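Chemist: For the record, the sequence lines run as chains A and B. Just so we're aligned, residue 168 is where the first sequence starts under this note's numbering, counting upward by one. Just so we're aligned, residue 1027 is where the second sequence starts under this note's numbering, counting upward by one. Cβ atoms here follow ideal geometry from the backbone N, Cα and C, with glycine treated the same way. If you're wondering where the values come from, they're calculated on a predicted model, not measured in any experiment. Pasting in a structure now, in structure tokens, and then I'll have a few things to ask.
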Amino acid sequence: GGIITQTPKFLIGQEGQKLTLKCQQNFNHDTMYWYRQDSGKGLRLIYYSITENDLQKGDLSEGYDASREKKSSFSLTVTSAQKNEMAVFLCASSITQTEVFFGKGTRLTVV
Amino acid sequence: GEKVEQHESTLSVREGDSAVINCTYTDTASSYFPWYKQEAGKSLHFVIDIRSNVDRKQSQRLIVLLDKKAKRFSLHITATQPEDSAIYFCAASLPGGYQNFYFGKGTSLTVIP
């Protein structure tokens, strides 16, 4: 079986700081996703990528950049962290219209 | 875009009873409906899915029903056990090669021993 590894597990940033979250998968999946999970709001898509060097904006892309330089990795950048922001960022991967596999998440706190 | 509404935010059932979680969606073109489970402190993992060409699917104690006319789908967990306690998310996606999954807000299920 494969695994999705997200780093770091916990990220504390300061207001206005640029922060980068990383994700690696060894499923050899083409499609990778970044979701944001807020308490009581479910999961919202930030970016996804259908292949290396492809980027597609999700509903929540404003304030974020993403990069897919290799098939196995997908990184997300918070361009300017917002004070008191707290959320869990979930990376995921899948092949077409099948089960999506999720990483364990990066928990972001902005002070 | 598609909107998925998950009707129950919390649900409590007694061990051995059935639990039902209901979701509705807005886009008639949606064709794939997976369910995910998130246990405390863990990430989401897939539990069951249904595609629009069928209206019922069962996997052991899990049953998914799809009513395309009403744009509604539901997860039935029969003979619940304490380890079924978790947050359950429904999702919908459009057909095509690469898709965005639209998730509901989650239902926190507690199974009381």
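#1: Using a threshold of 9 Å, state whether the C-beta atoms of residue 192 (chain A) and residue 239 (chain A) are closer than that.
#2: Going along chain B, which residues have a C-beta under 8 Å from residue 272 (chain A)?
#3: Tell me residue 1048 (chain B)'s beta-bridge partners as DSSP assigns them.
#4: To the nearest angstrom, how far is the alpha carbon of residue 1053 (chain B) from that of residue 217 (chain A)?
#5: Interface residues of chain B around residue 208 (chain A) at Cβ under 8 Å?
#6: State yes or no: is the beta carbon of residue 1032 (chain B) nearer than 9 Å to at least one beta carbon in chain A?
#7: Whole-angstrom Cβ separation of residue 1049 (chain B) and residue 1031 (chain B), contact assumed at under 8 Å?
#8: Determine the DSSP secondary structure at residue 1108 (chain B), reduced to helix, strand or coil.
#9: Any beta carbon of chain B sitting closer than 9 Å to that of residue 231 (chain A)?
#10: Pull up the CB-CB distance for residue 275 (chain A) and residue 178 (chain A), whole angstroms please, since I reckon it's below 8 Å.
#11: I'd like to know whether the C-beta of residue 169 (chain A) is nearer than 9 Å to at least one C-beta of chain B.
#12: Using the Cβ count rule (16 or more neighbours within 10 Å means buried), how would you classify residue 1040 (chain B)?
#13: Under 9 Å between the Cβ atoms of residue 231 (chain A) and residue 223 (chain A)?
#14: Measuring alpha carbon to alpha carbon, tell me which residue in B:1105, B:1106, B:1077 and B:1084 is nearest residue 1093 (chain B).
#15: Mind listing, in chain order, the continuous beta strand (DSSP E) runs of no fewer than 3 residues lying wholly within the region 195-261 of chain A?
#16: Can a CB atom of chain A be found closer than 9 Å to the CB of residue 1128 (chain B)?
#17: What does the Cβ neighbour count give for residue 259 (chain A), buried or exposed, with the cut at 16 atoms within 10 Å?
Modeler: Walking through what the data contain:
#1: Contact flag set, yes.
#2: Chain B residues near residue 272 (chain A): 1069.
#3: Note: residue 1048 (chain B) sits in a beta bridge opposite B:1100.
#4: Taking the Cα positions, residue 1053 (chain B) is about 22 Å away from residue 217 (chain A).
#5: Within chain B, the residues near residue 208 (chain A) are 1131.
#6: Interface residue, yes.
#7: Under the criterion of beta carbons closer than 8 Å, residue 1049 (chain B) and residue 1031 (chain B) qualify as touching, at roughly 7 Å.
#8: Helix.
#9: With 9 Å as the cut-off, residue 231 (chain A) does not count as an interface residue toward chain B.
#10: Contact flag correct, Cβ pair sits at about 5 Å.
#11: Judged by the 9 Å Cβ criterion, residue 169 (chain A) is not in contact with chain B.
#12: Exposed.
#13: Contact flag unset, no.
#14: The shortest C-alpha separation from residue 1093 (chain B) is found at B:1077.
#15: Qualifying beta strand (DSSP E) stretches, in chain order: 198-205, 209-216, 231-237, 240-245 and 253-261.
#16: By this cut-off, residue 1128 (chain B) is an interface position.
#17: With a threshold of 16 other beta carbon atoms within 10 Å, residue 259 (chain A) meets it and is buried.
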